[in-house]
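Just below is one structure, and these are the notes that go with it.
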Amino acid sequence: LGESQQTSLLAFPATQRQTPLALSASQRNLRFEFALPAYTRPVRYRHRLLGFSPRWSDWERTPYKEYTNLPPGPYTFEVQSSLGPALAQLSFRLAAPWYRQGWAYLIYACLLLGLGWLAIRYHRWRLRRHQRRLEIEKARELNRQRMANRNEQLQKDISRKNEELARSTMSLLRKNEILLQLKHELVRARKSAGDAFPHQAYRRLQDIIRQHMASEQDWVTFEEHFRQVHDQFFKRLKADYPELTPGDLRLAAYLRLNLSSKEIAPMLNISIRGVENKRYRLRKKMDLQNDDNLIEALMKY
Numbered sequence: 018l019g020e021s022q023q024t025s026l027l028a029f030p031a032t033q034r035q036t037p038l039a040l041s042a043s044q045r046n047l048r049f050e051f052a053l054p055a056y057t058r059p060v061r062y063r064h065r066l067l068g069f070s071p072r073w074s075d076w077e078r079t080p081y082k083e084y085t086n087l088p089p090g091p092y093t094f095e096v097q098s099s100l101g102p103a104l105a106q107l108s109f110r111l112a113a114p115w116y117r118q119g120w121a122y123l124i125y126a127c128l129l130l131g132l133g134w135l136a137i138r139y140h141r142w143r144l145r146r147h148q149r150r151l152e153i154e155k156a157r158e159l160n161r162q163r164m165a166n167r168n169e170q171l172q173k174d175i176s177r178k179n180e181e182l183a184r185s186t187m188s189l190l191r192k193n194e195i196l197l198q199l200k201h202e203l204v205r206a207r208k209s210a211g212d213a214f215p216h217q218a219y220r221r222l223q224d225i226i227r228q229h230m231a232s233e234q235d236w237v238t239f240e241e242h243f244r245q246v247h248d249q250f251f252k253r254l255k256a257d258y259p260e261l262t263p264g265d266l267r268l269a270a271y272l273r274l275n276l277s278s279k280e281i282a283p284m285l286n287i288s289i290r291g292v293e294n295k296r297y298r299l300r301k302k303m304d305l306q307n308d309d310n311l312i313e314a315l316m317k318y
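Just add 17 to the spot in the sequence shown (first one is 1) and you have the numbering used here.
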């Protein structure tokens, strides 16, 4: 028994070994040489390698047989001569390479289990991450919805407060218009009646009209509605212009609503000319130039 391309050579007699010969995984290319110790006639041989092929070869004179790249496993090489029925046998076991050993398969199994465990962990991590993303997106959506609902409610509140302010302003304007009309009618009636019109009653009616036209309660109601819509107006305006008086702030509030001097006059119980004078003084206190618009300046607050 020889190893092709190797220097080692093993020789065995034509007797059967009790135990199989152990070969390493690198000894996969084998050459079997066989011969009779003595013979007088031409001899032919046939052989077979059990574990590789159970069939006998044809009879031939070649006294050797080569096998290459044998897979791992147990084998028995048998050879027979044409001179007799006797068989020569050699059993051997070709070891598997290290990567096909039992411990290697154990490592492979551990690696597969480890990879499987990592794959499961990765899959669970992706599921948790996806779940967290869904939860975050859901929380964001809920927050957006809450903000939208809050903004919608704020808009409704602002609209309601604007309506209340508008109603309060219109009610105050209407009341002052009626009182101003009554005042004019009273003056006309006194002129028509002359001395026949009771002087004391005339003075008392004039005082009543004047008191209601300049009612402090009207201003309190108006200011309450105004602050609900423009809550920082007075504070910011006073912070920028500390010298403004309560009368200036009241005029500024009316101007912030874009009321005309004619509409403001009865609310302050002064003439239109008086309103114009107050507007002029307010411009001076705010250091506005001639080309600056007073109402636009107040709109910023």
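Every residue gets a Cβ at the ideal spot worked out from N, C-alpha and C, and that includes glycine.
Q. What whole-angstrom Cβ distance do Ala42 and Ala113 have, given they're in contact under 8 Å?
A. Position 25 of the sequence shown holds residue 42. Position 96 of the sequence shown holds residue 113. Confirmed, about 6 Å.
Q: Flag Asp235 as yes if its beta-carbon sits less than 8 Å from any beta-carbon of chain D, otherwise no.
A: Going by chain labels, chain D is absent from the structure shown, which holds only one protein chain.
Q.
If you measure between the beta carbons of Glu240 and Lys302, is that distance less than 8 Å?
A. For the purposes of this step, residue 240 is taken as the residue at position 223 of the sequence shown. For the purposes of this step, residue 302 is taken as the residue at position 285 of the sequence shown. Not in contact: Glu240 and Lys302 (Cβ atoms no closer than 8 Å).
Q: Would you list the one or two residues that DSSP bridges to Ala39?
A: Reading the sequence shown from its first residue, position 22 is the one you call residue 39. According to DSSP, which records beta bridges pairwise, Ala39 is partnered with Arg110.
(Q) Report the start-end ranges of each alpha helix (DSSP H) in the segment 228-263 that is 4 residues or longer and not cut off at the edges. (A) 233-246, 250-257
Q | Buried versus exposed call for Pro283 [16 or more other C-beta atoms within 10 Å across all chains shown] | A | If you number the sequence shown from 1, residue 283 lands on position 266. By the 10 Å Cβ count, Pro283 comes out buried.
Q: May I have the straight-line CA-CA distance separating Asp309 from Leu190, to the nearest angstrom?
A: Within the sequence shown, numbered from 1, the residue matching residue 309 stands at position 292. Within the sequence shown, numbered from 1, the residue matching residue 190 stands at position 173. C-alpha separation (whole angstroms): 28 Å.
Q: Classify Ala103 as helix, strand or coil using the three-state DSSP reduction.
A: Here the question's residue 103 lines up with position 86 in the sequence shown. The answer is coil: DSSP assigns Ala103 none of H, G, I, E or B.
Q: Using the DSSP secondary-structure output, state which residues sit across from Ser70 in a beta bridge.
A: Here the question's residue 70 lines up with position 53 in the sequence shown. DSSP, once it has assigned bridges, lists Leu66 as partnering Ser70.
Q. How is Gln23 classed by DSSP in three states: helix, strand or coil?
A. Against the sequence shown, residue 23 aligns to sequence position 6. Legend: pLDDT at Gln23 = 46, less than 50; position of this residue unreliable, value from coordinates given subsequently. The answer is coil: DSSP assigns Gln23 none of H, G, I, E or B.
(Q) Contact between the segment 56-64 and the segment 85-99 is defined here as three or more beta-carbon pairs at a separation below 8 Å; is this criterion met? (A) yes
Q) Would you report the Cα separation of Gln223 and Trp236, rounded to the nearest angstrom? A) By 1-based counting over the sequence shown, the position of residue 223 is 206. By 1-based counting over the sequence shown, the position of residue 236 is 219. Gln223 and Trp236: Cα-Cα distance of roughly 20 Å.
(Q) If you measure between the beta carbons of Phe250 and Arg267, is that distance less than 8 Å? (A) The residue you call residue 250 lines up with position 233 of the sequence shown. The residue you call residue 267 lines up with position 250 of the sequence shown. Contact flag unset, no.
Q | Gln162 - DSSP class collapsed to helix/strand/coil | A | Locating residue 162 in the sequence shown gives position 145, where the first residue counts as 1. If DSSP states are grouped into helix, strand and coil, Gln162 belongs with the helices.
(Q) Output needed for Ile281: all residues of its chain with C-beta closer than 8 Å, excluding positions within five of it in sequence on either side, in chain order. (A) Mapped onto the sequence shown, residue 281 falls at position 264. Once the five neighbours on either side are set aside, the close Cβ partners of Ile281 are Leu268, Tyr271, Leu272, Val292.
Q) In its own chain, which residues sit with a C-beta less than 8 Å from the C-beta of Ala314, not counting the 5 before and 5 after it? A) For this step, residue 314 is matched to residue 297 along the sequence shown. Correct list, in chain order: Met303, Leu305.
Q | Val292, DSSP secondary structure in three states | A | By 1-based counting over the sequence shown, the position of residue 292 is 275. In the structure shown, Val292 sits in a helix (DSSP, three-state: H, G or I).
Q: Give a single yes or no on whether Lys302 has its beta carbon closer than 7 Å to a heavy atom of the ligand NAD.
A: As far as ligands go, the structure on display features none, and thus does not contain the ligand NAD.
Q) Whose C-beta lies closer than 7 Å to the C-beta of Phe214 among residues of the same chain, with five residues either side of it excluded? A) Position 197 of the sequence shown, counted from the start, is the residue given in the question as residue 214. These residues qualify, in order along the chain: Ala206, Arg207.
Q. Which residues share a DSSP beta bridge with Glu77?
A. By 1-based counting over the sequence shown, the position of residue 77 is 60. DSSP output for Glu77 lists Tyr62 as bridge partner(s).
Q: Identify every residue that forms a DSSP beta bridge with Phe214.
A: Position 197 of the sequence shown, counting from 1, holds the residue named residue 214. None; Phe214 has no bridge partner.
Q) Would the beta-carbon of His242 fall within 8 Å of that of Lys178? A) Translated into the one-based positions of the sequence shown, residue 242 becomes position 225. Translated into the one-based positions of the sequence shown, residue 178 becomes position 161. Cβ distance < 8 Å, so His242 and Lys178 count as in contact.
Q. Between the beta-carbon of Leu47 and the beta-carbon of Tyr84, is there less than 8 Å?
A. Position 30 of the sequence shown, counted from the start, is the residue given in the question as residue 47. Position 67 of the sequence shown, counted from the start, is the residue given in the question as residue 84. In this structure, Tyr84 lies closer than 8 Å to Leu47 by Cβ.
Q) What is the DSSP secondary structure of Thr186, counted as helix, strand or coil? A) Along the sequence shown, read from residue 1 onward, the residue named residue 186 stands at position 169. Helix.
Q: Report the residue from Pro88, Glu95, Pro89 whose alpha carbon sits nearest the alpha carbon of Ser74.
A: In the sequence shown, the residue the question calls residue 74 occupies position 57. Residue Glu95 is the option with its Cα nearest to Ser74.
(Q) Using only CA atoms, which one of His64, Leu40, Glu50 lies nearest to Phe109? (A) Within the sequence shown, numbered from 1, the residue matching residue 109 stands at position 92. Taking only the C-alpha atoms, the option nearest Phe109 is Leu40.
Q: Grab me the residues of Arg146's own chain with a C-beta within less than 6 Å of its C-beta, minus the 5 sequence neighbours each way, in chain order.
A: Numbered from 1 along the sequence shown, position 129 holds the residue referred to as residue 146. So no residue of the chain qualifies.
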